[in-house]
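For the sequence shown, counting from 1, position 66 maps to 75 in the numbering used here; every step adds exactly one.
Cβ atoms here follow ideal geometry from the backbone N, Cα and C, with glycine treated the same way.
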Amino acid sequence: MTFSEIYQQNKKADGGMPHSWLYEMSTVTGVSPFTVYLWAIGNRRPSKSAIKLIAAHLGQTEEELFGERRAV
């Protein structure tokens with residue numbers, strides 16, 4: 010499941026806006042919830058270090074979450 014798909018799944022479960030999930034991911038990565046939102050909707054791409062943290066936290070591979078494209 011990709012990062013965007015996980016976002017969409019949490020969005021449905023949280024009644025339209027996954028605030029708790031955005032805050033959880035922001036705590037894991039040390040960025041703002043808005044930055045996580047931008048990653049989730051595909052407007053920005055996380056840094057390689059953020060991708061590593063997210064993958065470890067979610068128990069998925071970096072490729073599953075963000076594809077083969079290189080991080081910035």
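Exposed or buried, what is residue i when buried is set at 16 or more other beta-carbons lying within 10 Å of its beta-carbon?
i, result
"T36", "exposed"
"T70", "exposed"
Three-state secondary structure (DSSP) at residue i?
i, result
"I63", "helix"
"T38", "helix"
"E73", "helix"
"N19", "helix"
"S13", "helix"
"S56", "coil"
From residue i to residue j, what distance separates their C-alpha atoms?
i, j, result
"L74", "P27", "18 Å"
"S41", "E33", "10 Å"
"A59", "E77", "15 Å"
"Q57", "G24", "The sequence as given places Lys at residue 57; Gln does not occur at that position. Straight-line Cα distance between these residues: approximately 31 Å."
"N52", "V45", "10 Å"
Compute the beta-carbon to beta-carbon distance between residue i and residue j, rounded to the nearest angstrom, for a pair I have assumed lies under 8 Å.
i, j, result
"F12", "A49", "6 Å"
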